[in-house]
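Below: one structure, written as C-alpha cells.
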Amino acid sequence: MNKRLIKKVDGYEVRNIDVGSKDNWNRHLNNPEPNTIYKLNNGHQYKTDELGRVSEVKGGLKLDPNDRNTYQQRISGGECRLDTDCGGHLLASMFGGAGEKINIVPMDAILNGAKGKWYQMEMQWKRALEQGKKVEVDIRPIYSGNSKRPDGFEIKFAIDNNIHRRNLKNTATGE
1426 MNKRLIKKVD GYEVRNIDVG SKDNWNRHLN NPEPNTIYKL NNGHQYKTDE
1476 LGRVSEVKGG LKLDPNDRNT YQQRISGGEC RLDTDCGGHL LASMFGGAGE
1526 KINIVPMDAI LNGAKGKWYQ MEMQWKRALE QGKKVEVDIR PIYSGNSKRP
1576 DGFEIKFAID NNIHRRNLKN TATGE
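In C-alpha cells, the structure reads:
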C-alpha cells in the first residue's frame, strides 16, 4: 500500500509512504497534505505546515541515488518562483532524496549550483559518507506569508555525532 495512516500525533496525521521512481511517481508525495508527517520507506521524514509546505525534513543519508523528476524541478514553486530559481532538492537525489514535489522547493540556482553554499554543504556530506561516516540531517525551510518559496533554510546536521548548524538565505550567496 502506498499511503497508510498510522495515527495522529500532536494534530499531525502520520503516514508511511513509498518513494516513487521515474514513470511511477507517488501522487501523494506530489500533493502533500497540510499538517501531515510523511515517513518515507527510504528513512526520510517530512513534516508539512497548514499550507502543505514542507516545514521540516530529516533523516540519515546514504549514497543511494534516486531518480530525478525533471517536471517537478521545472514547476517547483509556481507563481512564487523567481527567474533565478531552479527546483532544488531538500535532500539530494544522490542521497536517495525523493523526486516528488515534497522534496523539491524553489531554490536560487547559484546557491544550489556547483559554486553555491548549498551544493558545497551537500559535497561535505558526500565526502563524509564516502569515508564511512554517519550523516544525519534536519532541514527547516523558512517561509514568509503564504509563499511557496522559502526565504531561507535552517540546517542542523551531524557527521559522526559532531553537530553543525547553518542558516542559509535563499539567495545566490546564501547570506
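Residues in the sequence shown are numbered consecutively from 1426, following the working numbering. Beta carbons are placed, not taken as given, at the ideal position from N, Cα and C, and that holds for glycine. Bear in mind the structure is a predicted one, so any value in this text is a computation, not a measurement.
Counting other Cβ atoms within 10 Å of its Cβ, LYS1433 stays below 16 and is therefore classed as exposed.
Proximity of the region 1501 to 1508 to the region 1463 to 1474 falls short of the contact definition, fewer than three beta-carbon pairs being nearer than 8 Å. Taking a 10 Å sphere around the C-beta of HIS1589, we find fewer than 16 other C-beta atoms and assign the residue as exposed. In this structure, PRO1566 keeps its C-beta atom at 8 Å or more from the C-beta atom of MET1519. When the Cα atoms are used, ARG1493 and VAL1560 turn out to be separated by approximately 22 Å. Remark: fewer than three beta-carbon pairs, one from each stretch, lie closer than 8 Å, so the region 1445 to 1459 and the region 1539 to 1546 are not flagged as touching.
Here GLY1503 carries a helix assignment [DSSP, helix/strand/coil].
Bridge partners of PRO1457 according to DSSP: none are assigned. Contact between the region 1451 to 1465 and the region 1524 to 1531 is present: three or more C-beta pairs spanning the two stretches fall below 8 Å. Ranked by how close their Cα comes to the Cα of GLY1522, the residues TYR1437, GLY1577, ALA1534, ASP1443 have ASP1443 in first place. Listed as beta-bridge partners of ASP1510 by DSSP are ASP1533.
Bridge pairing for ASN1449: SER1446 [DSSP].
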